[in-house]
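Participant:
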DNA sequence: TAGATTGTTAATCGATTAACAATC
DNA sequence: TAGATTGTTAATCGATTAACAATC
């Protein structure tokens, strides 16, 4: 059904998780079918955009009827890949690492967490949600044994370049990056998703100041 | 100097924190001046885009010379508003709230944290980086006393709509939103910056799967 | 002055929206 | 069948890139 191997723009991809979230919600409210128009009004975008976005991947709707919520939900989940768990390690069990480990619903997002690592003797050995924090010295072993593909980086700025290099040598090809290190620039071939919290915060600061000037 | 009150597109604004970061780095490395070309190569974008972006706010450069790093850094900081602290409260001292409170350099981002709130007796009274966690019952008092403008939301999904409504009634006009609740849709007049961690993670999952198919 | 590099206008590219024929 | 709504093509809009005159 899905049109494979076309190059889909990132603008479209970034909207998919939001569709997924709204569809989940509709499902929970017992809604069976929805038209692009109805969905567009709930999400605050145009019906045309929704149809364009979905048609990048295939014709999931029915003329005169709309989309079946449950089916569309599953299709988008499949496109996003939440049904194929990716073996993943989390590096850094400081405040941020622990929050992420506790907070995220990894299994539902296509992530299988196979290890949490830190180098501080204060945290190594402690447990976070069933995962024992392992010493960083075990990283090679765990990555090889589990064919780990993704690393989540919640580590200090200074050590990042060295660790990224090492992880890539272990075959890691994707990073969920909470540091400021510009992985994509240094290693163009890996997939990187940056979470730049301070960038986001400063964008808000900008908006607050603009508001104040008016 | 700065051209006031033009409407600057969000695409431009979202690049500013990144410029700010790179300029900080150049400063630290003792670099005095930089041309748009040199900066473009370091950042992986076009010189043209840099000049266009900066010229939304004013002519900060000098023909034939380039930009003075320190001056440009300060100008962008000023545009982003990092030099005017915005009184802010943090709601929710669970894993995520604590991580944010510990991890962020609020003062350097134009944020003045005046209170952390939670409703669980387990955390109320504990200290996070000099801030005592206060019971949610104190929120009105603190917001009024400090003319709080921004709320950081690290609270459970279920309580979010109610709390957002209450915060807006207290005069809050900006949210740094870690929940999935669609504040902007329900309250079009407030500034919202969303941190959708699971959206980001699923975007990475998508990329990993695409990669796998090739 | 000559060389370099900006600020700015014009051209291109990509993303969004509108329109409508196809079809359930 | 008639009405509704998709899938898709065409038109518009906005953002990025290229080009170059202004000027340090």
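Residue numbers (the working numbering), protein chains in the order written: chain V, 1 to 214; chain X, 1001 to 1214.
Just so it is clear, CB atoms sit at the ideal spot from N, CA and C, and this is done for glycine as well.
Check whether the region 1147-1167 of chain X and the region 1075-1085 of chain X are in contact - that is, three or more C-beta pairs closer than 8 angstroms.
Facilitator: As far as the Cβ criterion goes, the region 1147-1167 of chain X does not touch the region 1075-1085 of chain X, which means the pair count is below three.
Participant: Round the Cβ separation of residue 1111 of chain X and residue 1101 of chain X to the nearest angstrom and send it over; I've been treating them as touching at under 8 angstroms.
Facilitator: Not quite, the Cβ-Cβ distance comes to about 11 angstroms (not below 8 angstroms), so this is no contact.
Participant: Would DSSP call residue 194 of chain V helix, strand or coil?
Facilitator: Three-state result, residue 194 of chain V: strand.
Participant: Who are the neighbours of residue 193 of chain V on chain X, taking C-beta pairs under 8 angstroms?
Facilitator: Residues of chain X passing the Cβ test: 1200, 1201, 1203, 1204 and 1207.
Participant: Hey, would you say residue 155 of chain V sits closer than 8 angstroms to residue 163 of chain V, going by beta carbons?
Facilitator: Yes.
Participant: With a threshold of 8 angstroms between beta-carbons, can residue 173 of chain V be considered close to chain X, or not?
Facilitator: Chain X, which has a Cβ nearer than 8 angstroms to the Cβ of residue 173 of chain V, makes this yes.
Participant: Would DSSP call residue 1002 of chain X helix, strand or coil?
Facilitator: Because residue 1002 of chain X carries a pLDDT of 44, less than 50, the predicted location of this residue cannot be relied on, and the following value inherits that uncertainty. Correct three-state label for residue 1002 of chain X: coil.
Participant: Go to residue 1023 of chain X, then tell me how far its alpha helix (DSSP H) extends in each direction, as first and last residue.
Facilitator: Per DSSP, residue 1023 of chain X belongs to the alpha helix (DSSP H) from 1010-1028.
Participant: First and last residue of the alpha helix (DSSP H) that includes residue 1109 of chain X?
Facilitator: It is not in any alpha helix (DSSP H) - residue 1109 of chain X carries neither H nor E in the DSSP assignment.
Participant: Any idea what DSSP makes of residue 1131 of chain X, helix, strand or coil?
Facilitator: Here residue 1131 of chain X sits in strand by DSSP.
Participant: Near residue 1004 of chain X, which residues of its chain fall below 7 angstroms by C-beta distance, leaving aside the five closest residues on each side in sequence?
Facilitator: In this prediction, residue 1004 of chain X scores a pLDDT of 49, lower than 50, which makes its location untrustworthy; no coordinate-derived value is stated.
Participant: Of the choices V/19, V/98 and V/93, whose alpha-carbon is the least far from that of residue 69 of chain V?
Facilitator: Of V/19, V/98 and V/93, the residue nearest in Cα terms is V/19.
Participant: Which same chain residues end up closer than 6 angstroms to residue 1051 of chain X when comparing Cβ atoms and leaving out the 5 residues on each side of it in sequence?
Facilitator: Taken in chain order, the residues that qualify are 1036.
Participant: Closer than 8 angstroms, CB to CB, is residue 81 of chain V near chain X or not?
Facilitator: With 8 angstroms as the cut-off, residue 81 of chain V counts as an interface residue toward chain X.
Participant: As a quick exercise: from X/1015, X/1149, X/1141 and X/1198, pick the residue whose alpha carbon is nearest that of residue 1046 of chain X.
Facilitator: With distances taken between Cα atoms, residue 1046 of chain X lies closest to X/1015.
Participant: How many angstroms separate the CA atom of residue 120 of chain V from the CA atom of residue 135 of chain V?
Facilitator: If you take the alpha carbons of residue 120 of chain V and residue 135 of chain V, they lie about 8 angstroms apart.
Participant: I'd like to know whether the C-beta atoms of residue 1085 of chain X and residue 202 of chain V end up nearer to each other than 8 angstroms.
Facilitator: Not a contact, by the Cβ cut-off of 8 angstroms.
Participant: Using a beta-carbon distance cut-off of less than 8 angstroms, what residues from the region 109-121 of chain V approach chain X?
Facilitator: Taking 8 angstroms as the Cβ-Cβ cut-off against chain X, the residues of the region 109-121 of chain V that qualify are 109, 110 and 111.
Participant: Alpha carbon to alpha carbon, how far is residue 1196 of chain X from residue 57 of chain V?
Facilitator: Whole-angstrom Cα-Cα distance: 23 angstroms.
Participant: Kindly list, in the order they appear in chain X, the residues whose Cβ is closer than 7 angstroms to that of residue 19 of chain V.
Facilitator: Result: empty, since nearest Cβ-Cβ is about 10 angstroms, beyond 7 angstroms.
Participant: Any chance you could list the beta strand (DSSP E) runs of at least 3 consecutive residues sitting entirely within the region 1144-1198 of chain X, in chain order?
Facilitator: For the region 1144-1198 of chain X, whole beta strand (DSSP E) runs of length 3 or above, ordered along the chain, are 1150-1153, 1174-1177 and 1191-1194.
Participant: Residue 170 of chain V CB to nearest chain X CB: under 8 angstroms?
Facilitator: Cβ-Cβ to chain X under 8 angstroms: no for residue 170 of chain V.
Participant: Buried or exposed for residue 1209 of chain X, going by 16 or more other Cβ atoms inside 10 Å?
Facilitator: Burial call: buried.
Participant: By how many angstroms is the C-alpha of residue 1191 of chain X removed from the C-alpha of residue 1184 of chain X?
Facilitator: So the alpha carbons of these two residues sit roughly 7 angstroms apart.
Participant: Is residue 1153 of chain X near residue 1131 of chain X, with beta carbons less than 8 angstroms apart?
Facilitator: No; because the gap between Cβ atoms is not below 8 angstroms, this pair is not in contact.
Participant: Quick one, which of X/1182, X/1181, X/1149 and X/1213 has its alpha-carbon nearest residue 204 of chain V's?
Facilitator: Closest by alpha carbon: X/1149.
Participant: Where DSSP assigns a beta bridge to residue 1054 of chain X, which residues make up the other side?
Facilitator: In the DSSP output, where bridge partners are listed per residue, residue 1054 of chain X has none listed.
Participant: Quick one: is residue 946 of chain X near chain V, going by C-beta distance under 8 angstroms?
Facilitator: Only positions 1001 to 1214 of chain X appear in this structure, which leaves residue 946 of chain X out of reach.
Participant: Assuming the contact rule is C-beta atoms closer than 8 angstroms, residue 1128 of chain X and residue 1098 of chain X should be a hit. Round their C-beta distance to whole Å, please.
Facilitator: With 8 angstroms as the limit, residue 1128 of chain X and residue 1098 of chain X qualify as a contact, their Cβ atoms being about 6 angstroms apart.
Participant: Answer yes or no: do residue 1095 of chain X and residue 103 of chain V have a C-beta to C-beta separation smaller than 8 angstroms?
Facilitator: Yes, Cβ-Cβ distance for residue 1095 of chain X and residue 103 of chain V is below 8 angstroms.
Participant: Alpha helix (DSSP H) containing residue 45 of chain V: first to last residue?
Facilitator: Where residue 45 of chain V is concerned, there is no enclosing alpha helix (DSSP H), given that its DSSP letter is neither H nor E.
Participant: Would you please state the rounded distance, in angstroms, between the beta carbons of residue 67 of chain V and residue 34 of chain V? I believe it to be under 8 angstroms.
Facilitator: Contact flag correct, Cβ pair sits at about 6 angstroms.
Participant: With 16 as the cutoff for other CB atoms within 10 Å, does residue 177 of chain V come out buried or exposed?
Facilitator: Looking at its Cβ environment, which holds 16 or more other Cβ atoms inside 10 Å, residue 177 of chain V is buried.
Participant: Of all the CB atoms in chain X, is at least one closer than 8 angstroms to the CB of residue 160 of chain V?
Facilitator: No - not a single Cβ of chain X is within 8 angstroms of the one on residue 160 of chain V.
Participant: Scan the region 1042-1071 of chain X for residues whose Cβ lies nearer than 9 angstroms to a Cβ of chain V and list them as they occur along the chain.
Facilitator: Listed by position, the residues of the region 1042-1071 of chain X near chain V (Cβ gap below 9 angstroms) are 1042, 1043 and 1044.
Participant: Report yes if the C-beta distance between residue 1087 of chain X and residue 1144 of chain X is below 8 angstroms; otherwise report no.
Facilitator: In this structure, residue 1144 of chain X does not lie closer than 8 angstroms to residue 1087 of chain X by Cβ.
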